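Each residue of the sequence shown is one higher than the one before, counting from 9 in our numbering. Some notes on the structure that comes next.
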Amino acid sequence: MKQERWLSLGILGCLLIAAGAYFWANSLMNSLYAFRSPLRDHPPAPGPALGQGLTGRVVFVLIDALRDDTSHKADVMPFLNQLRSEGAWATVHSRTPSYSEPGWSVLMIGAWPDLSDAPAMNLDYADIPSWTQDNLFRAAQRQGLRTAVSGFNWWQRLVPETAVNDSFYTAGEDRAADVDVVGAALPWLQADRDQFVLIHIDQVDYAGHHEGGPQSPNWDAAAERADGLLQQIVSTLNLSKDTVIVTSDHGQIDRGGHGGQDPIVLVEPLVIAGRGIKPGQYPDGNMVDTAPTTAALLGLNIPADSEGVVRTDMLSISADQQLRIDQAMAAQKSQLLTDYEQAIGYSASFPVDPNSVPDLMRAMDSAKSNRLRAERGPRLVWALILALIPAGIGVWRRSRKLAWLLGGAILYIVLFNFGYAVLAGRTYSLSSVASSSDIISFTAETAAVSLIIAWLVLAIRLDWFKTSPGAGALNTLVLVLTTLYLLWLPVVWSYAVNGALVSWTTPDMASMFMGFLSILQGLIVAGVGVLLTGATAAIALATRPRK
């Protein structure tokens, strides 16, 4: 009777864990997709324009997913490297989530994904909201400048419609779509009527997702074609009067994909050539610097949410212009800090010099860190309790049998990760997630096979099929629960760092992904574990000697 009671409670527990994992995994991802900035409803007010621009117009060429290392291949992108030798260039760094919609928004708003109020993940066309925060298009509109966009149709949803004068959008992402995109933009450039023109070339990203990734010859071929399109664009410009900016929104991992914290997807090229530019190689910067630097070239206000700085080291400016830019940056950062502190309810931990841009930027980080510490402290206590109680019970009930069960659980972990990282070549990040169905089906298959192997090894080694059906079933159930405990540890760590769901800031993507992957595994292990529990009892019953 006692054995049956423990079996019933264990099976019920597994079913509850499976249901809880299902709802938690869905809620976690839904909260990430639904994330909005704490400044959403109270955007900082734009400051005054910088005045006379440094150039007649800026043509902003975004080569989607172009990795920094690819951009330096002279045999693949000769024209880009020619521009690099004639202009100013640097390597820039981005942040997670490293998807296109947040990356494009960083380039045009100058704020990281946790602040820009743009989508943190790539949303479907119909679900994409327009930017609520100040951006280059709105700033140009206020100054009476004409703007144009030619590119993938997500731009049509992101950029406020009233801030664009000329536009061409396509649902295509491949070579043919890029030809159409550039073909639509060339007449605008030749007419010289728009002062800010954004041209989005997408086929490199397409090759990464659909044609084998950066290790495939298709990747370099796409980059070479993109370089040819770039040459067509620049051939219509007069770089003694115009300025061209060439950059990317993210990279891709070797197998293809982006979105996570992998170093290769968070490094991009930045090449600026033409009027107002001081040629040369410059120190690394941040993606958020691109928007304020573009604003300075056009004489616009620095976008009100910008967390970056104007790369004045790359610009040909006078001492008076430098002073005006420095003062504008300090005023903009001071207002942003005030609005941000009010929005999150926490302030910096030190006195802030309102005239020091570095001081104001550190204060933003300090305010955010203070709120995170206040929230993480109690969560860490709960995480320790939830992690240590099962471990304490295991130590108290320690036995040779429990050691074998722990070994079986560890074998599952090893097998799953061998299948995940070695056989499938996946990274522990969102970059390896092609779609929701992809990660679910792969995790389900790999977790189920890994658990079955671990179960068979222990069942055969410890003669579970030769014991009574109840004893064999209970042994299997304890193996499943021990495995679920090991999977629980990354989940509670992610909870301590990020909370149960995404709320006022974007999560730490590394810990969140490990927690999410473990929740998915927990769903499969709990469900398959119940089936294996029944299978053990059935096999033991079938093989038991009959009297």
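Yeah, the Cβ is synthetic: ideal placement off N, Cα and C, and Gly gets one too. The structure presented is a predicted model; accordingly, all values stated were derived computationally and were not measured.
Inset, instruction - Could you tell me which of 10, 25 and 20 sits nearest to residue 532, measuring between CA atoms? - result: Looking up residue 532 in the sequence shown gives position 524. Residue 25 is the option with its Cα nearest to residue 532.
Legend entry - Residue of 285, 350 and 346 minimising C-alpha distance to residue 318: The residue you call residue 318 lines up with position 310 of the sequence shown. Ranking the options by Cα distance to residue 318, first place goes to 285.
Legend entry - Stretch pair the region 65 to 76 + the region 246 to 258: three plus CB contacts closer than 8 Å: yes
Legend entry - Completely contained beta strand (DSSP E) runs for the region 248 to 329, where each covers 3 or more residues: 250 to 255 and 275 to 282
Inset, instruction - Quick one: residues in its chain with C-beta nearer than 7 Å to the C-beta of residue 148, no 5 flanking neighbours on either side, listed in chain order? - result: For the purposes of this step, residue 148 is taken as the residue at position 140 of the sequence shown. Closer than 7 Å at Cβ, skipping near neighbours: 155, 203, 204, 306 and 308.
Inset, instruction - Can you tell me which of 473, 329, 200 and 120 puts its alpha carbon nearest to the alpha carbon of residue 61? - result: The sequence position of residue 61 within the sequence shown is 53, counting from 1. Of the candidates 473, 329, 200 and 120, the one whose C-alpha sits nearest the C-alpha of residue 61 is 329.
Inset, instruction - Name the residue from 495, 514, 515 and 513 whose alpha carbon lies nearest to the alpha carbon of residue 29. - result: Stepping through the sequence shown from its first residue, residue 29 is reached at position 21. The candidate whose alpha carbon is nearest that of residue 29 is 495.
Inset, instruction - Could you please give the first and the last residue of the uninterrupted beta strand (DSSP E) stretch that includes residue 204? - result: As a first step, residue 204 must be located in the sequence shown, where it is residue number 196. Looking at the DSSP string, the run of the beta strand (DSSP E) that includes residue 204 is 204 to 209.
Inset, instruction - Kindly indicate the opening and closing residues of the alpha helix (DSSP H) around residue 513. - result: Position 505 of the sequence shown holds residue 513. It is not in any alpha helix (DSSP H) - residue 513 carries neither H nor E in the DSSP assignment.
Legend entry - Beta-carbon spacing of residue 81, residue 228 below 9 Å: Translated into positions along the sequence shown, residue 81 becomes position 73. Translated into positions along the sequence shown, residue 228 becomes position 220. Yes, the Cβ-Cβ distance between residue 81 and residue 228 is below 9 Å.
Legend entry - Which of helix, strand or coil DSSP assigns to residue 159: Taking the sequence shown and counting its residues from 1, one reaches residue 159 at position 151. Here residue 159 sits in strand by DSSP.
Legend entry - Contact under 9 Å by Cβ, residue 115 with residue 242: On the sequence shown, position 107 is the one that residue 115 refers to. On the sequence shown, position 234 is the one that residue 242 refers to. For residue 115 and residue 242, no; Cβs fall outside 9 Å.
Inset, instruction - Thinking residue 141 and residue 47 are a contact (beta carbons under 8 Å), I'd like their distance in whole angstroms, please. - result: Translated into the one-based positions of the sequence shown, residue 141 becomes position 133. Translated into the one-based positions of the sequence shown, residue 47 becomes position 39. Indeed, because the Cβ distance is near 7 Å, the residues count as touching under 8 Å.
Inset, instruction - Would you check if the region 215 to 226 and the region 184 to 201 touch, i.e. whether three or more CB-CB distances between them fall below 8 Å? - result: no
Legend entry - 4-residue-minimum alpha helix (DSSP H) runs that sit fully inside the region 342 to 429, ordered along the chain: 365 to 404 and 408 to 425
Inset, instruction - Compute the beta-carbon to beta-carbon distance between residue 139 and residue 125, rounded to the nearest angstrom, for a pair I have assumed lies under 8 Å. - result: As a first step, residue 139 is located in the sequence shown; it is residue number 131 there, counting from the start. As a first step, residue 125 is located in the sequence shown; it is residue number 117 there, counting from the start. Going by Cβ atoms, the distance from residue 139 to residue 125 rounds to 7 Å, so yes, they are a contact pair.
Inset, instruction - Give the range of the alpha helix (DSSP H) segment to which residue 117 is assigned. - result: In the sequence shown, the residue the question calls residue 117 occupies position 109. Start and end: 108 to 117.
Legend entry - Simplified DSSP assignment, three categories, for residue 70: Counted from its first residue, the sequence shown places residue 70 at position 62. Residue 70: strand per DSSP, three-state reduction.
Inset, instruction - Tell me, please, which residues DSSP counts as bridged to residue 65. - result: Numbered from its first residue, the sequence shown carries residue 65 at position 57. According to DSSP, which records beta bridges pairwise, residue 65 is partnered with 250.
Legend entry - 6 Å Cβ shell around residue 104 - same chain, five flanking residues per side excluded: Residue mapping note: residue 104 aligns to position 96 of the sequence shown, counting from 1. If we look at residue 104 and ignore the five residues flanking it on each side, its Cβ neighbours are 269 and 517.
Legend entry - Neighbourhood of residue 455 by C-beta distance below 7 Å, restricted to the same chain and skipping five residues each side: Reading the sequence shown from its first residue, position 447 is the one you call residue 455. Closer than 7 Å at the Cβ level, and outside the excluded window around residue 455, lie 424, 529, 532 and 533.
Legend entry - Helix, strand or coil at residue 97 according to DSSP, with G and I counted as helix: Numbered from its first residue, the sequence shown carries residue 97 at position 89. Here residue 97 sits in strand by DSSP.
Inset, instruction - Examine the Cβ distances between the region 322 to 342 and the region 361 to 380 and report whether three or more of them are shorter than 8 Å. - result: yes
Inset, instruction - Give the single residue among 65, 152, 232 and 192 whose Cα lies nearest to the Cα of residue 79. - result: For the purposes of this step, residue 79 is taken as the residue at position 71 of the sequence shown. Of the candidates 65, 152, 232 and 192, the one whose C-alpha sits nearest the C-alpha of residue 79 is 232.
Inset, instruction - Please name the residue, chosen from 157, 316 and 13, that lies closest to residue 170 on a Cα-to-Cα basis. - result: Locating residue 170 in the sequence shown gives position 162, counting from the first residue. Among 157, 316 and 13, the Cα nearest to that of residue 170 belongs to 157.
Inset, instruction - Report the partner residues of residue 174 according to the DSSP bridge assignment. - result: Here residue 174 corresponds to residue number 166 of the sequence shown, with the count starting at 1. Note: residue 174 sits in a beta bridge opposite 156.
Inset, instruction - Could you give the DSSP three-state label for residue 57: helix, strand or coil? - result: Taking the first residue of the sequence shown as position 1, residue 57 is located at position 49. Of the three classes helix, strand and coil, the one that applies to residue 57 here is coil, per DSSP.
Legend entry - Buried or exposed (CB count within 10 angstroms, at least 16 for buried), residue 189: Along the sequence shown, one-based indexing puts residue 189 at 181. That one is buried.
Legend entry - Spatial distance of residue 159 from residue 214 (CA atoms): Indexing the sequence shown from 1 puts residue 159 at position 151. Indexing the sequence shown from 1 puts residue 214 at position 206. So the alpha carbons of these two residues sit roughly 14 Å apart.
Legend entry - Where residue 103 falls: helix, strand or coil (DSSP): To locate residue 103, count along the sequence shown from 1; it is residue 95. DSSP places residue 103 in coil when its eight states are reduced to three.
Legend entry - Neighbourhood of residue 416 by C-beta, 6 Å cutoff - its chain only, sequence neighbours within 5 removed: As a working mapping, residue 416 is identified with position 408 in the sequence shown. If we look at residue 416 and ignore the five residues flanking it on each side, its Cβ neighbours are 462, 466 and 487.
Inset, instruction - Please say whether residue 472 and residue 2 have beta carbons closer to each other than 9 Å? - result: There is simply no residue 2 to check, as the chain begins at 9 and stops at 555 in what is shown.
Legend entry - Environment of residue 208 [buried if 16+ CB atoms lie within 10 Å]: Indexing the sequence shown from 1 puts residue 208 at position 200. Classification for residue 208: buried.
Inset, instruction - Could you have a look at residue 506 and say whether DSSP puts it in helix, strand or coil? - result: Taking the sequence shown and counting its residues from 1, the one referred to as residue 506 is at position 498. Correct three-state label for residue 506: helix.
Legend entry - Member of 344, 382 and 398 whose CA lies at the smallest distance from the CA of residue 370: Stepping through the sequence shown from its first residue, residue 370 is reached at position 362. Closest option to residue 370, Cα to Cα, is 344.
Inset, instruction - Go to residue 195, then tell me how far its alpha helix (DSSP H) extends in each direction, as first and last residue. - result: Along the sequence shown, read from residue 1 onward, the residue named residue 195 stands at position 187. Here the alpha helix (DSSP H) through residue 195 covers 183 to 199.
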